[in-house]
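Numbering that gives the first Met the number 0 applies: residue 0 is where the sequence shown begins, and numbers increase by one.
Just so you know, even glycine gets a beta-carbon here, dropped at the ideal spot from N, CA and C.
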Amino acid sequence: MIQILRTIAALRAWRNGLPPDVRLGLVPTMGALHAGHMSLVDLAKARCDTVIASIFVNPLQFGPQEDLARYPRPIESDIAMLEAAGVDALFLPQPEDLYPADASTYVVEEAVSLPLCGALRPGHFRGVATVVLKLFNLTQPHLAFFGQKDAQQCAVIERMVRDLNVPTEIVRGAIVREPDGLALSSRNAYLDASHRAVAPLLHQSLVAARLAYEAGERDAARLAAIGRAVLAREPRIEVQYWEVRDRYSLAPLETVEADGCLLAVAAILGNTRLIDNLCLGTGTPGGLRFANER
Ligand code: AMP
Numbered sequence: 000m001i002q003i004l005r006t007i008a009a010l011r012a013w014r015n016g017l018p019p020d021v022r023l024g025l026v027p028t029m030g031a032l033h034a035g036h037m038s039l040v041d042l043a044k045a046r047c048d049t050v051i052a053s054i055f056v057n058p059l060q061f062g063p064q065e066d067l068a069r070y071p072r073p074i075e076s077d078i079a080m081l082e083a084a085g086v087d088a089l090f091l092p093q094p095e096d097l098y099p100a101d102a103s104t105y106v107v108e109e110a111v112s113l114p115l116c117g118a119l120r121p122g123h124f125r126g127v128a129t130v131v132l133k134l135f136n137l138t139q140p141h142l143a144f145f146g147q148k149d150a151q152q153c154a155v156i157e158r159m160v161r162d163l164n165v166p167t168e169i170v171r172g173a174i175v176r177e178p179d180g181l182a183l184s185s186r187n188a189y190l191d192a193s194h195r196a197v198a199p200l201l202h203q204s205l206v207a208a209r210l211a212y213e214a215g216e217r218d219a220a221r222l223a224a225i226g227r228a229v230l231a232r233e234p235r236i237e238v239q240y241w242e243v244r245d246r247y248s249l250a251p252l253e254t255v256e257a258d259g260c261l262l263a264v265a266a267i268l269g270n271t272r273l274i275d276n277l278c279l280g281t282g283t284p285g286g287l288r289f290a291n292e293r
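(1) State the start and end residues of the unbroken alpha helix (DSSP H) segment that holds E213.
(2) To the nearest angstrom, how far is the alpha carbon of L114 from that of G122?
(3) Thinking V165 and T129 are a contact (beta carbons under 8 Å), I'd like their distance in whole angstroms, please.
(4) For L119, count the other beta carbons within 10 Å of its own beta carbon; 16 or more makes it buried, fewer makes it exposed. Which is it?
(5) How many angstroms separate the CA atom of R244 from the CA atom of V255?
(6) Grouping DSSP H, G and I as helix and E and B as strand, with all else coil, what is G282?
(7) Going by DSSP, what residues sit across from F90 in a beta bridge?
(8) Hey, how far is the Cα of D162 from the Cα of P234?
(9) Between the beta-carbon of S5 and the beta-carbon of L91, is there less than 8 Å?
(10) Check whether the Cβ of L190 lies closer than 7 Å to any heavy atom of the ligand AMP, and answer yes or no.
(11) Which same chain residues, not among the five before or five after P284, have their C-beta less than 8 Å away from its C-beta?
(12) Out of curiosity, what's the CA-to-CA distance linking R221 and C260?
(13) Any heavy atom of the ligand AMP within a distance shorter than 7 Å of the CB on S76?
(14) Out of V56, G30, Q203 and E237, which has the shortest C-alpha to C-alpha gap to G126?
(15) For M320, does the count of other Cβ atoms within 10 angstroms reach 16, so buried, or fall short, so exposed?
(16) Going by DSSP, what residue range makes up the beta strand (DSSP E) through F144?
(17) Hey, how far is the Cα of P71 from the Cα of P140?
(18) Classify A150: buried if its beta carbon has 16 or more other beta carbons within 10 angstroms, exposed otherwise.
(19) From the DSSP output, read off the bridge partner residues of R244.
(20) Three or more beta-carbon pairs under 8 Å between the stretch 263–273 and the stretch 185–203, yes or no?
(21) Please list the terminal residues of the continuous alpha helix (DSSP H) segment that includes G126.
(22) Could you give the residue range of the beta strand (DSSP E) that holds G172?
(23) With DSSP run on the structure shown, which of helix, strand or coil describes Q239?
(24) Of all the beta strand (DSSP E) runs that stay within the bounds of the stretch 2–84, which reach a length of 3 or more residues?
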């Protein structure tokens with residue numbers, strides 16, 4: 000039976016009751032769970048003795064014009080999915096539990112959080128880093144699992160863990176996609192049929208650049224132009240960025256070096272903002288590998 004922990008006190012009591020030598024894994028989520036989230040659960044189950052997931056739609060990471068109020072919250076089916084997957088516990092706090100009304104302390108990463116989504120969503124990564132450190136402090140996991148889907152989020156959290164000496168190992172899981180290439184996202188539910196039909200173009204733009212890379216193209220601007228050209232064909236897609244970046248520092252690149260890089264795209268389709276990315280690497284034909292890839 001999955002233990003549902005709705006308060007900080009319940010979480011602390013559960014954590015204190017675990018044997019001292021247990022290897023605890025945490026999978027933080029905002030719910031509306033799909034196969035991408037569940038791939039992280041599977042990874043956690045394989046690497047840990049005990050797995051806790053969290054579901055918390057974190058107000059601190061949403062901008063005033065963003066989708067906090069309409070974010071999907073199918074909590075009963077989420078619990079059923081976690082239970083079926085063999086998750087041991089679920090932390091399900093309310094915003095007022097996690098944030099005292101006069102909370103005044105935040106985690107601000109000042110390098111990798113600045114470009115890309117950080118530039119378009121001011122305060123977003125401050126909200127993410129703050130809630131993730133709070134979840135780490137409360138849960139004290141040995142490992143925590145994050146999806147490469149949110150590559151910049153991974154980079155920010157890895158930086159935070161390194162810089163603040165957090166004793167948690169961060170594991171990145173590969174992006175899980177629909178058969179047509181669209182990266183799974185809770186926000187895909189917002190897409191109407193016509194936008195859903197063109198949404199796979201994001202992935203196709205990344206693949207087009209990868210094919211050019213595999214054919215020998217190493218110039219970052221030309222790779223970005225190839226990707227942008229795929230999206231330019233579809234007027235319903237408003238590109239926010241399409242960039243070639245260092246996979247870890249997220250610094251812009253002029254040429255794609257041997258140790259790989261990140262192709263990253265963000266676009267608006269109707270009233271939905273989608274992101275996607277792909278890693279290039281010279282070592283393997285499909286690019287760099289993640290923890291759950293062979
Ligand atoms: P979210 O609920 O959107 O905050 O996502 C929770 C975790 O699941 C984050 O670490 C995401 O990067 C990860 N995730 C979301 N979508 C996918 C996906 N399609 N494939 C792999 N991981 C994902």
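This is what the structure holds:
(1) L200 to E213 is the span of the alpha helix (DSSP H), which, as asked, contains E213.
(2) What sits at residue 114 in the sequence shown is Pro, not Leu. Rounded to the nearest angstrom, the two C-alpha atoms are 12 Å apart.
(3) With 8 Å as the limit, V165 and T129 do not qualify as a contact, their Cβ atoms being about 13 Å apart.
(4) With a 10 Å radius around the Cβ and a threshold of 16 neighbouring Cβ atoms, L119 comes out exposed.
(5) Straight-line Cα distance between these residues: approximately 9 Å.
(6) With a pLDDT of 48 at G282, under the threshold of 50, the modelled position of that residue is not reliable, and no figure is offered here.
(7) Paired residue(s): L4 and S53.
(8) As the crow flies, the alpha-carbon of D162 is around 42 Å from that of P234.
(9) Here the sequence assigns Arg to residue 5, which means Ser is not the residue at that position. Cβ atoms of R5 and L91: closer than 8 Å.
(10) Not one heavy atom of the ligand AMP falls within 7 Å of the beta-carbon of L190.
(11) The pLDDT assigned to P284 is 42, lower than 50, so where the model puts this residue is not dependable; a value taken from the coordinates is nonetheless given after this. Excluding five sequence positions before and after P284, the CB atoms of its chain that fall closer than 8 Å to its own CB belong to E213, given in chain order.
(12) If you take the alpha carbons of R221 and C260, they lie about 14 Å apart.
(13) Checking every heavy atom of the ligand AMP against the Cβ of S76, none is found closer than 7 Å.
(14) Check the Cα spacing between G126 and each of V56, G30, Q203 and E237: the tightest is with V56.
(15) Given a span of 0 to 293 for the chain in the structure shown, any question on residue 320 remains unanswerable.
(16) For F144, the enclosing beta strand (DSSP E) covers residues L142 to G146.
(17) Annotation: P71 to P140 spans about 27 Å, alpha carbon to alpha carbon.
(18) The residue in question, A150, is buried, as its Cβ has 16 or more Cβ neighbours within 10 Å.
(19) According to DSSP, which records beta bridges pairwise, R244 is partnered with P251 and L261.
(20) They touch, by the three-pair rule.
(21) Element bounds for G126: H123 to T138.
(22) Where G172 is concerned, the enclosing beta strand (DSSP E) stretches over E168 to G172.
(23) In this structure, DSSP gives Q239 an extended state, which the three-state scheme calls strand.
(24) Correct list: 2–4, 23–28 and 49–54.
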